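2 protein chains.
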Amino acid sequence: MAELPVEPVSRRDRARADTVREIKETARQVLVDQGVDGLALRAVAREMGMTAPALYRYFSSREDLVENVVADLYDELVTVLEAARDAARPATAPIQLLACSREFRRWATTHHAEFGLLFGSAGDGVVPAHGMPGHDDSPAELAAARFGAVFAVLVAEIYMERRFPIPADDEIEPPLQEQLHAWCAKFPVQLPLGVMQVFLSCWIRLYGLVCMEIFGHLKFALNDAEPMFEAELHGLARVLGVADAYAELERA
Amino acid sequence: MAELPVEPVSRRDRARADTVREIKETARQVLVDQGVDGLALRAVAREMGMTAPALYRYFSSREDLVENVVADLYDELVTVLEAARDAARPATAPIQLLACSREFRRWATTHHAEFGLLFGSAGDGVVPAHGMPGHDDSPAELAAARFGAVFAVLVAEIYMERRFPIPADDEIEPPLQEQLHAWCAKFPVQLPLGVMQVFLSCWIRLYGLVCMEIFGHLKFALNDAEPMFEAELHGLARVLGVADAYAELERA
DNA sequence: ATGCAGAGTAAGCGCCGTTAGCTAACACCA
DNA sequence: TGGTGTTAGCTAACGGCGCTTACTCTGCAT
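Chains A and B, in that order, are what the protein sequence lines are.
Under our numbering, the first residue of the first sequence is numbered 1098, with each subsequent residue one higher.
Under our numbering, the first residue of the second sequence is numbered 1098, with each subsequent residue one higher.
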C-alpha cells in the first residue's frame, strides 16, 4: 500500500495528489458556507464542478473525506499555534502560553464552522476517543494529540521553571489520582499528578470558555467574550504563578 | 386567539392536550434512541403509529416541535435542580449550590441525548440568543432563563451572606465592566460587578467541564470525569469562600 | 496497442419537510 | 333525532436531499 521508495511521483501521482488537495479544500469551503450539516459529498462535488461518484476515486466514503478534513484542520490549527508561540517575545514559556491561548481563541472566532467541526458536539464519532483501547492511529487522532501537546508542553515548562503551587499526591482523591497517573504515563516526561490536575483545570477554563463563546452559550451574559477571556487569562496566570510576567508584558 | 375563560376545556381540548403531550414524549424518545440528528417529524410519527402530516395539526413545523421539546427539557431540568436544592441538608446556600451542581452533572450524564439538544453545538438557532434585541419570549427562552437563575440566585445568596473575595470595579477592565453592568441590569437585585465576574468564571468551569465530559472532549485525559468534577467543586468552593462548609459536610 | 485511471451517467435506496385533498368521527344545536 | 360544522387522521404527492454502486466512455501512459 504505502510507497516508501525515493521518487514514486509519477505524473499521475502528482495530478492525483492535486485533486485530493482540491477536494479537501473545496470540502472546507462547503463547510464554511453551508455549516457542518451541509458538508455533503454531493455538495463538495457540485462546488468543484464534479459529480459525487467521482469523489469515490479519492475517498472511500463521506466519512473518510470528513476525517481527512478534520485532520487537515487540526494540522492548520497546530501550525498557527506553533507560529504564535514561536513569534512571542519575550520567548518565555508564560508569554508563549499567553500567545497560544489568544491565538486559539482568535482562530476559533475567525473559523467558526471549522471550529464547530473539530470541537462541536456533532463530532461524536468523528474523533472517536483515542482513549482506552488500542489507541487509534487515524490522522485526525495524531493531529489532535499534537494540538493538545502544544499547551501541555508549555504548562510543563512553566512548572519546571517556576514551580507553581499544586496539590500534593495525597491531597488528590484516589480515583482521580489513578486516572491522572494513567494519563501521565502516556507522556515521555513524568510530572507530579498535581501538575496534571492543574493543567486540566486550566484547560477546562480556557477551552470551555472558547467553546461556550463560539457555540453561543455565553450570549446570556456577554455579547463579546473577549474581555472576559482576557480576565480569565489573568486568572489562569495567577494559578500558574506567572501573573508577574503578564503584568510586565502589559507595562510595555 | 387565546382563551382566558375559566373552563374552556372541552372534551376535544383535553384529547388534544393529551396528543400534544404524547407527541412531545415520543419526540423525546426518538431523540434518545436516534440522537439529535434523528429527531425528524417522520420518525416521531412512525414511533407513535401516526403519519407525519398528522403532526401538523399540532405543530406548525418541525422546528416548532423541537422548540417545544427543548422547553420541556429545560423545565424538567429546572424541576430536578430545584428538587435537589430543596432536599439539600443543611439547607444553606453553599450546600444547595453543591447539590445543584452535582445534580446538573448527574442529569447530563444520565440524559446524554437531551443534554446534547439543549447544550450542544447543533443548538445554534434552536435557542437563538435572548440577547440584544427585543428579548425573545419563546417558551424555550424563558425556561433557559429559569435554569440559569437557579445557580445565579444561589451564588448571590452566598455572596450576601459571606462576602467572598471579588475584584473591585476599577480592577475590571472597562469593556468587561460595561458588559457585566448591562447583564447585571437584567436582574432585580443589583450586585457588585465583581460578583458577576466570579459567577461567570465559576459557571464556565462547572458548565464547561460537564459539556466537555458529555461531548467526549475529556477522554484524552480521563475516562471517568466524576473525580475531576468533585475536585473542581472543591476548587469552586474555595473561590466562593465556602470550602469550610463543604469540608464540614464531608466530615459527616 | 493495450490497459488502467479518471470521469461521467444512470440508477437504487433511503430519508426529509411539507401541502393538498379526502373521509370518518366527533361536538353541538335545532 | 338529524343536520352541520369542526377536527383528526389518512393517503398521495411534490420536491428535495443524501450515500453509494454499477456500468460506460475517454484519454493518457506504457
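Here a beta-carbon is modelled for each residue, glycine too, at the ideal position from N, C-alpha and C.
None of these values were measured; they are calculated from a predicted model.
For residue j and residue i, the rounded distance between their alpha carbons
i               : j               : result
R1113 (chain B) : V1127 (chain B) : 21 angstroms
V1247 (chain A) : A1322 (chain A) : 23 angstroms
A1184 (chain A) : Y1153 (chain B) : 58 angstroms
R1335 (chain B) : L1315 (chain B) : 23 angstroms
A1253 (chain A) : A1340 (chain B) : 28 angstroms
R1111 (chain B) : V1117 (chain B) : 10 angstroms
D1169 (chain B) : L1251 (chain A) : 44 angstroms
L1337 (chain B) : K1121 (chain B) : 39 angstroms
G1305 (chain B) : K1283 (chain A) : 24 angstroms
W1300 (chain A) : E1160 (chain B) : 35 angstroms
L1193 (chain A) : Y1256 (chain A) : The amino acid occupying residue 1193 (chain A) in the given sequence is Gln; Leu does not appear at that position. Their backbone Cα atoms lie some 14 angstroms apart in a straight line.
D1134 (chain A) : A1219 (chain A) : 9 angstroms
F1244 (chain A) : Y1171 (chain A) : 7 angstroms
L1330 (chain B) : F1261 (chain B) : 16 angstroms
R1203 (chain B) : A1181 (chain B) : 11 angstroms
S1235 (chain A) : E1164 (chain A) : 8 angstroms
M1229 (chain B) : L1174 (chain B) : With a pLDDT of 40 at M1229 (chain B), under the threshold of 50, the modelled position of this residue cannot be trusted; read the value that follows with caution. Each residue's alpha carbon lies about 25 angstroms from the other.
V1167 (chain A) : L1138 (chain A) : 15 angstroms
A1237 (chain A) : S1158 (chain A) : 16 angstroms
L1195 (chain A) : E1347 (chain B) : 37 angstroms
A1362 (chain B) : C1197 (chain A) : The displayed coordinates of chain B run from 1098 to 1349. Any statement about residue 1362 (chain B) would go beyond what the structure contains.
A1242 (chain A) : A1205 (chain B) : 26 angstroms
P1102 (chain B) : R1108 (chain B) : Here the model assigns P1102 (chain B) a pLDDT of 43, short of 50, so the residue's position is not dependable, and the following value carries that caveat. Distance between the alpha carbons of P1102 (chain B) and R1108 (chain B): 16 angstroms.
G1313 (chain A) : L1319 (chain A) : 10 angstroms
A1151 (chain B) : L1239 (chain B) : 28 angstroms
M1147 (chain A) : E1144 (chain B) : 39 angstroms
E1362 (chain B) : D1130 (chain A) : This structure does not reach residue 1362 (chain B), given that chain B is present from 1098 up to 1349, and the question cannot be answered.
C1281 (chain B) : R1186 (chain B) : 30 angstroms
Y1155 (chain B) : V1106 (chain B) : 17 angstroms
D1115 (chain B) : T1123 (chain B) : 12 angstroms
P1289 (chain A) : P1272 (chain A) : 16 angstroms
Under 8 angstroms by beta carbon: chain A residues contacting residue i
i               : result
A1188 (chain B) : Going along chain A, no residue has its Cβ under 8 angstroms from A1188 (chain B), so there is no contact; the nearest lies around 26 angstroms.
E1270 (chain B) : P1324, E1327 and A1328
From the options, residue whose alpha carbon lies closest to that of residue i
i               : options                               : result
R1259 (chain B) : B:Q1274, B:V1292 and B:P1187          : B:V1292
E1345 (chain A) : A:D1115, A:P1191, A:P1272 and A:F1284 : A:P1191
P1264 (chain A) : A:A1249, A:Q1274 and A:M1257          : A:Q1274
V1307 (chain B) : B:L1288, B:F1212 and B:D1172          : B:F1212
G1332 (chain B) : A:A1318, A:L1319, A:C1281 and A:L1297 : A:L1297
M1325 (chain B) : A:F1201, A:L1330 and A:Q1276          : A:Q1276
A1210 (chain B) : B:V1106, B:P1289 and B:L1136          : B:L1136
L1214 (chain B) : B:A1140, B:G1132, B:V1175 and B:E1173 : B:G1132
F1317 (chain A) : B:S1157, B:A1196 and B:A1279          : B:A1279
R1125 (chain B) : B:P1150, B:T1189 and B:L1162          : B:L1162
P1285 (chain A) : A:L1303, A:A1249, A:A1205 and A:P1150 : A:A1249
F1216 (chain B) : B:E1144, B:R1348 and B:E1310          : B:E1310
L1303 (chain A) : A:T1148, A:Y1343 and A:R1199          : A:R1199
D1266 (chain A) : A:E1347, A:R1348 and A:Q1294          : A:Q1294
E1270 (chain A) : B:E1327, B:A1188 and B:L1239          : B:E1327
H1208 (chain A) : A:T1189, A:G1146, A:V1177 and A:L1288 : A:V1177
F1201 (chain B) : B:R1186, B:P1187, B:T1189 and B:E1179 : B:E1179
Y1343 (chain B) : B:L1290, B:Q1287 and B:T1189          : B:T1189
Under 8 angstroms by beta carbon: chain B residues contacting residue i
i               : result
I1302 (chain A) : A small correction: the amino acid at residue 1302 (chain A) is Arg; Ile does not occupy that position in the sequence shown. Going along chain B in sequence order, the residues near R1302 (chain A) (Cβ under 8 angstroms) are S1298, I1301, R1302 and G1305.
Q1276 (chain A) : A1318, L1319, N1320, D1321, P1324 and M1325
Contact test: residue i Cβ vs the ligand ZN heavy atom, cutoff 7 angstroms
i               : result
V1339 (chain B) : In the structure on display, the ligand ZN does not appear, and there are no ligands present to speak of.
Contact list for residue i against chain A, beta-carbon separation under 7 angstroms
i               : result
S1218 (chain B) : G1213, G1217, S1218, A1219 and F1312
Q1294 (chain B) : A1328
G1245 (chain B) : F1317
Beta-carbon neighbours of residue i, restricted to chain B and to distances below 9 angstroms
i               : result
W1367 (chain A) : For chain A, the structure presents residues 1098 to 1349; residue 1367 (chain A) sits outside this window and is missing.
L1170 (chain A) : Within 9 angstroms Cβ-Cβ: nothing; L1170 (chain A) doesn't reach chain B, min ~15 angstroms.
C1197 (chain A) : Simply none; closest approach about 17 angstroms.
G1332 (chain A) : S1298
M1257 (chain A) : Correct list: empty, because the minimum Cβ distance to chain B is about 20 angstroms.
Where residue i meets chain B, residues with beta-carbon distance less than 7 angstroms
i               : result
L1273 (chain A) : P1324, M1325 and A1328
message: Just to confirm the assignment: which complete alpha helix (DSSP H) runs, minimum length 4, are found wholly within the stretch 1128 to 1164 of chain B?
response: Segments of the alpha helix (DSSP H) lying fully in the stretch 1128 to 1164 of chain B: 1138 to 1144 and 1149 to 1152.
- request: Let me know the beta strand (DSSP E) ranges lying completely inside the stretch 1214 to 1288 of chain B, each 3 residues or longer, listed in chain order.
  value: Runs found: none.
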